[in-house]
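Colleague: Residue numbers (my numbering): 25 to 394. Next up is a structure, given as structure tokens.
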């Protein structure tokens, strides 16, 4: 019994599931999903991570990168939302989720972006990619370039739709942590939620009704994005975001067993994340914002815990200023964590010592001869 207790306590300490080092928040069970992460969109702080760097298949969650890549082109004036997109034969032949585009049709970029985000339309993804870059392959190169810019080091795209790979094609790969970076970038753009927050919308003058696959829009208070994805080998995944008061959180749940489990886990993780933020505020934890000039190539997102009024040395670049939000813990919280660590270690040592004492004592008892 004592041995089992010691082993259980040890396993608890080395568990890969972490809630940002906060012992007062109970962990959410790691199964049944492949990986998950929750971040504070405003500060970039990781609130929860479970196998967040494990490589997974994004499936249709990948379309978020399609959206971001196109919005970048809109910002640069290369593409306009009212540009008419001629539907190609290649787009027409796409399977899976779609809005049944026909080569005889044209649609504005704006309308196809709605189809991309609400209906998860594979035909719209191909039509948009071809219009913007001339071919799917060229657009995929743009997606991978953007991924590198964001610091998505474990991500590589091979398609514009996220479907299972056809013969001779490799499968898209990413991690929950990488997609959290992408989602945080999307959350900086108010226009993104114009597409991701819509539950139902008419398409083709009301001849087709698009229904959003993200049911957290109805189930989760404050949810206004982003995207779901599924194919058999990938499992059921979601990139979700919700805002409460002045706090926006982002959650990735990858590779769940079914839609209900995926949605339930995403809701639970977001609720736990908001509980962490509320607990920090009650405990007097200060969110300290510092501005530092960073180049676009500096994509590393970090969270630093330090005493209040401590200055951070930074190397300034001449352009493209961004804001780093650095949370600071108070001395009382640090002391509590330190004392908790001492008590936990003392408890483990006492349990282990008791076990050794009992074992040695039993060995010293002379056994009767048979």
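Note that CB positions come from ideal geometry on N, CA and C, so glycine has one too.
1. Residue 163 by DSSP, collapsed to three states: which one?
2. Helix, strand or coil: which one does DSSP assign to residue 267?
3. To the nearest angstrom, report how far apart residue 96 and residue 300 are at their CA atoms.
4. Checking 8 Å against the spacing of the C-beta atoms, do residue 276 and residue 298 come in under that value?
5. With three or more beta-carbon pairs closer than 8 Å as the criterion, would you say the segment 279–288 touches the segment 222–233?
6. Which of the three DSSP states is assigned to residue 97 in this structure?
7. Strictly by DSSP, which residues pair up with residue 254?
8. Quick one: grab the DSSP three-state call for residue 301.
9. Give the straight-line distance between the Cα atoms of residue 108 and residue 132, rounded to the nearest whole angstrom.
10. Counting pairs of beta carbons, one from the segment 56–63 and one from the segment 240–251, are three or more of them closer than 8 Å?
11. Skipping 5 residues on each side, what residues in its chain have a beta carbon closer than 6 Å to that of residue 201?
12. Take residue 113 as the anchor and find which of 160, 251 and 249 has the nearest alpha-carbon.
13. Classify residue 306 as buried or exposed, calling it buried when 16 or more other Cβ atoms lie within 10 Å of its own Cβ.
14. Do the CB positions of residue 170 and residue 93 come within less than 8 Å of each other?
15. Should residue 172 go down as buried or exposed, given a rule of 16 or more other Cβ atoms within 10 Å for buried?
16. Cα separation between residue 155 and residue 110?
17. Any heavy atom of the ligand FMN closer than 7 Å to the CB of residue 155?
18. Helix, strand or coil: how does DSSP classify residue 74 here?
19. Tell me the rounded alpha-carbon separation between residue 191 and residue 213.
Modeller: Looking at the coordinates:
1. The three-state secondary structure of residue 163, taken from DSSP, is helix.
2. DSSP, read as helix, strand or coil, puts residue 267 in strand.
3. Approximately 33 Å between the Cα atoms of the pair.
4. At least 8 Å separates the beta-carbon of residue 276 from that of residue 298.
5. Segments in contact, no.
6. In the structure shown, residue 97 sits in a helix (DSSP, three-state: H, G or I).
7. Paired residue(s): 260.
8. Secondary structure of residue 301 (DSSP, three-state): helix.
9. In this model, residue 108 and residue 132 are separated by some 4 Å (Cα to Cα).
10. Between the segment 56–63 and the segment 240–251, the count of Cβ pairs shorter than 8 Å is below three; the stretches do not touch.
11. Once the five neighbours on either side are set aside, the close Cβ partners of residue 201 are 61, 76 and 77.
12. Cα-wise, what sits closest to residue 113 is 160.
13. With a threshold of 16 other beta carbon atoms within 10 Å, residue 306 falls short and is exposed.
14. Yes.
15. Answer is exposed; the Cβ neighbour count stays below 16.
16. For the pair residue 155 and residue 110, the Cα-to-Cα distance works out to about 8 Å.
17. Among the components of this structure there are no ligands whatsoever, and the ligand FMN is therefore not found.
18. Strand at residue 74.
19. Straight-line Cα distance between these residues: approximately 37 Å.
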